[in-house]
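Reviewing the structure listed below.
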Amino acid sequence: MQTENEAGDGVGILKETEIDCTFSQLIFPRPPKASDSGYCIAKYIAHAKQKAESGADYANIMFTAVGYCLPTVSGIDYKLTGTWQKGKYGLQLAVSAYDEVIQTTEKGIKAYLCCGLIKGIGPKMADRIYKRFGNNTLTILDASPEELLNVQGIQKKTYEKIMASYTANRGARDVVALLAPHGISTRRCVQVFTRFGAEAVSIIQSNPYKLCDVAGIGFMTADKIGQAIGIGEESPYRISAGIQHTLKEAETGGSLFRGSNETSGHLCLPRATLSRKTVELLRCTRISEKTVETIVDKLIEQGKLGFRLNQYVFRVYTDKCEGLTAKALIEIRNGKIKPLEKIEEGIKRAQIKLGCKLAPEQQAAVIATLENPLTVVTGGPGTGKTMIQSVILNVLTEQFPEATIVMMAPTGRAARRMSETTGHAATTIHKALGLQITDDSLEMEAHVVEADFIIVDETSMLDIFLASTLFNAIMPGTRVLLVGDSDQLPSVGPGAVLADIIRSNCVPVVKLLQVYRQSGASLIAINAAKMRNACTEMDQGADFQIIPADTFEAAANIMEDIYIDEVARVGIDNVVILCPFRKKTESGVDAMNKRLQERINPPRPNEREVTKGDKIIRMRDRVMITKNTDELANGDIGYVTDVMNDDGDITATIDFGEHREFKCTAENLDKIELSYACTIHKSQGSEYRVVIVNIMNGHQIMLKRNLLYTSVTRAKKKVIIVGQEKAITKAILTEDTSKRLSLLTNRLAFYAKHL
């Protein structure tokens with residue numbers, strides 16, 4: 007007979023694939039964390055009565071098991087089910103399922119409750135639970151857990167803690183066993199179980215595309231699972247999910263909508279385009295556009311798709327947001343506001359106090375804002391948007407000293423800029439609305455913003471989802487000013503909210519077109535205005551330079567040297583390199599970040615780093631977060647302030663300012679990237695003293711006027727364009743004619759007529 011000490015050498019004598027055992031030790035990785043995949047390699051000790059190939063019974067045989075979320079609590083007996091296979095640790099049991107073996111006696115049930123698997127239950131609580139439910143305790147936990155609230159000492163918070171851990175460790179494990187091999191994390195599996203409950207496994211097995219209802223699980227993942235469990239390519243479930251995915255790809259600019267003739271950010275698609283793109287996605291010759299159109303019609307009938315103007319198809323949530331945005335804007339426009347007296351006299355006093363002189367179009371913007379409940383002011387740099395805000399605030403507070411004023415912007419950097427330039431406190435839209443910033447949130451519930459006057463800056467950055475939440479949180483009767491530059495790139499998210507509001511002619515709009523060339527006027531503002539008017543003759547000087555480079559490599563070398571010089575002159579927080587491409591070229595964002603990291607922040611002896619593949623994050627690195635979290639928005643900039651070794655895990659602490667920190671490990675390093683350089687799209691809402699821009703012929707479809715204009719207008723003091731003159735000319739002359747599909751202007755017109 008083999009003993010516990012002889013362990014793995016003779017595991018092959020075990021014949022059965024169901025083994026009663028006790029946990030012994032964990033080999034890899036360590037007790038799984040919520041963010042881990044949950045994959046474990048562990049040793050167990052088989053109990054007596056296990057059948058051997060020889061027919062004899064053996065006890066205390068140690069064997070190796072592998073699988074996802076294996077049980078790792080000592081003192082509990084388990085039944086492991088799986089298949090034997092050869093592996094790194096010899097013959098091992100690949101576990102497909104397991105059960106705790108709990109004796110339905112007072113001793114057995116109390117031991118299980120106190121074993122550590124269930125948080126919130128200690129010996130005394132276990133005794134009270136058993137006294138109330140007896141041998142039915144486990145049935146109560148599974149079928150009627152709310153009965154626990156009748157046990158002395160179990161309040162709502164304790165109950166939630168008990169059930170969260172019980173669900174994660176018992177109820178969700180079949181979901182984990184089913185989904186973890188497909189790359190779905192343990193945390194996400196628990197979310198799946200929470201979403202679908204006890205029927206989760208049967209729901210997934212019959213229609214794995216239901217997984218797309220869980221935030222964070224996309225069509226491609228669900229499709230792989232569907233294929234693995236034998237769902238046919240022509241399944242209506244698959245086609246329906248493909249239709250929804252195609253609409254989402256149109257919104258977000260996924261792979262279906264990348265190419266020379268494709269655009270993204272659409273809120274809807276024509277029915278024929280949706281069918282064609284869905285067929286392209288599904289890649290099955292037996293699925294025709296007519297087949298897809300038939301299912302589209304059924305989904306519209308069932309209320310699972312929005313359908314407008316007898317042509318345009320929406321996701322239901324997107325359709326709802328667009329409608330709510332239009333209705334809320336018109337309600338704000340129609341609101342009754344407190345009138346101001348002698349506005350022009352107030353403007354004169356404000357100009358004297360502020361030491362400024364308004365041009366006629368600037369004064370028109372101030373008057374429109376003070377007289378109307380809702381006004382849009384749009385214009386480029388140097389047109390006086392900031393001065394206008396200061397005058398408006400001065401006039402308003404003179405007449406209404408107790409007025410509540412709320413100033414907000416989509417990003418923290420833009421909000422800080424508002425505060426600095428106007429002298430009034432400003433915050434992000436999310437903070438003003440009391441929203442958590444999260445990728446997993448489908449619907450955002452906001453606080454009502456109680457204010458007399460609201461200014462929203464950088465309105466061009468609003469996508470339809472944030473716009474819907476914002477405008478529905480503003481009560482009619484509030485005076486609202488929307489400020490933005492409609493010539494910039496549209497929002498990263500879907501929609502073109504500012505452009506659509508302006509196009510609708512349903513809201514007072516003042517366009518500031520004139521750049522005021524006072525003494526020492528910035529060439530940045532002058533050249534930005536020229537670009538807006540398709541003029542290719544750029545004025546050059548100390549604050550606006552064009553440096554030729556014939557190749558991507560040459561451009562990279564030049565930009566690297568300029569960056570180092572400018573950082574030495576004005577500081578690292580005030581300089582950025584902007585590139586159209588993230589990858590593909592030597593001067594793309596990723597390549598430039600690696601170069602600059604080695605120059606600015608090279609490795610130092612005895613300093614730890616967080617690494618994953620070829621990505622490295624070090625102390626003092628300037629980084630950007632690329633996924634939303636509760637406190638941080640995609641695009642926020644921070645600095646690595648500490649790198650710690652936490653029991654073998656290297657963790658970097660990143661300070662994003664305003665008491666916001668992010669702990670970065672190798673597991674979540676995909677949420678962080680270096681930000682010495684960034685894409686032009688990612689720079690929206692930011693402002694730097696010095697901007698270095700790369701514009702090359704090889705940037706092809708990215709050579710658009712609004713892209714170059716956006717990059718140039720990120721600079722406060724100096725712009726250096728490195729590249730090819732032909733590419734710069736092409737960008738200036740190429741208007742972005744692609745229009746994001748949206749019905750916001752139509753809906754604004756409808757509500758303007760009927761509200």
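Residue numbering for the sequence shown follows the numbering used here, starting at 7 and increasing by one per position.
Just so you know, even glycine gets a beta-carbon here, dropped at the ideal spot from N, CA and C.
- Rounded to the nearest whole angstrom, the C-alpha separation of residue 409 and residue 484 is 11 Å.
- Taken in chain order, the complete beta strand (DSSP E) segments of 3 or more residues contained in the segment 421-504 are 432-434, 459-462, 485-490.
- Note on the segment 58-133: whole alpha helix (DSSP H) runs with a minimum of 4 residues are 112-119, in chain order.
- Per DSSP, the continuous alpha helix (DSSP H) segment holding residue 563 begins and ends at 558-576.
- The closest CA to that of residue 388, considering only 139, 718, 154, is found on 718.
- At least 8 Å separates the beta-carbon of residue 436 from that of residue 221.
- Between the segment 498-515 and the segment 465-472 there are three or more C-beta pairs closer than 8 Å, enough to call the two in contact.
- The alpha-carbon of residue 690 is positioned some 53 Å away from that of residue 105.
- Each residue's CA atom was taken as its position, placing residue 714 and residue 528 some 17 Å apart.
- Considered as a whole, the segment 295-344 harbours 311-314, 318-321 as its complete beta strand (DSSP E) runs of no fewer than 3 residues, in chain order.
- With contacts defined as CB atoms closer than 8 Å, residue 312 and residue 322 qualify as a contacting pair.
- Taking residue 338 as reference, the option from 228, 735, 481, 605 with the minimal CA-CA separation is 481.
- Inclusion of residue 675 and residue 623 in the CB contact set at 8 Å is warranted, their separation being smaller than that value.
- Contact annotation: the segment 734-752 does not touch the segment 607-618, with fewer than three C-beta pairs closer than 8 Å.
- Taking 8 Å as the cut-off, the Cβ atoms of residue 103 and residue 91 do not count as close.
- Taking the Cα of residue 753 as reference, the smallest distance to any Cα among 692, 45, 730, 513 is reached at 513.
- Of the candidates 393, 195, 334, 340, 393 places its Cα closest to the Cα of residue 363.
- Counting only residues of its own chain and dropping the five nearest sequence neighbours on each side, residue 170 has a CB closer than 8 Å to the CB of 125.
- The beta-carbon separation of residue 684 and residue 595, rounded to 6 Å, stays under the 8 Å limit for a contact.
- Taking a C-beta distance under 8 Å as the contact criterion, residue 216 and residue 188 do not qualify as a contact pair.
- The beta carbons of residue 425 and residue 751 sit about 33 Å from each other, so the pair does not count as a contact at 8 Å.
- With fewer than 16 other Cβ atoms inside 10 Å of its own Cβ, residue 110 counts as exposed.
- For the set 406, 427, 288, 359, the Cα lying nearest the Cα of residue 343 is the one of 406.
- Sequence-distant partners of residue 721 (beyond 5 residues in either direction) whose C-beta falls short of 7 Å from its own C-beta, in its chain, are 530, 694, 696, 697.
- The beta-bridge partner set that DSSP reports for residue 617 consists of 622.
- Note that the segment 701-711 does not touch the segment 233-244; fewer than 3 beta-carbon pairs, one per stretch, sit closer than 8 Å.
- C-alpha of residue 119 to C-alpha of residue 128: approximately 8 Å in a straight line.
- Membership of residue 45 in the beta strand (DSSP E) is indicated by the continuous run 45-52.
- A contact is defined here as three or more CB-CB pairs under 8 Å, and the segment 411-428 meets this definition with respect to the segment 455-463.
- Residue 326 and residue 688 have their C-alpha atoms roughly 27 Å apart.
- With respect to the 8 Å criterion, residue 474 and residue 331 are classified as neighbours on the basis of their beta carbons.
- Relative to the Cα of residue 476, the nearest Cα in the group 440, 505, 494, 508 belongs to 440.
- Classified as exposed, residue 358 has fewer than 16 neighbouring CB atoms from the shown chains inside 10 Å of its CB.
- Under a 10 Å Cβ-count criterion, residue 760 is classified as exposed, with fewer than 16 other Cβ atoms of the shown protein chains found around its own Cβ.
- Contact check between the segment 363-379 and the segment 534-544: fewer than three CB pairs, one atom from each, fall below 8 Å, which does not count as touching.
- Uninterrupted beta strand (DSSP E) stretches at least 3 residues long and entirely within the segment 240-267 do not occur.
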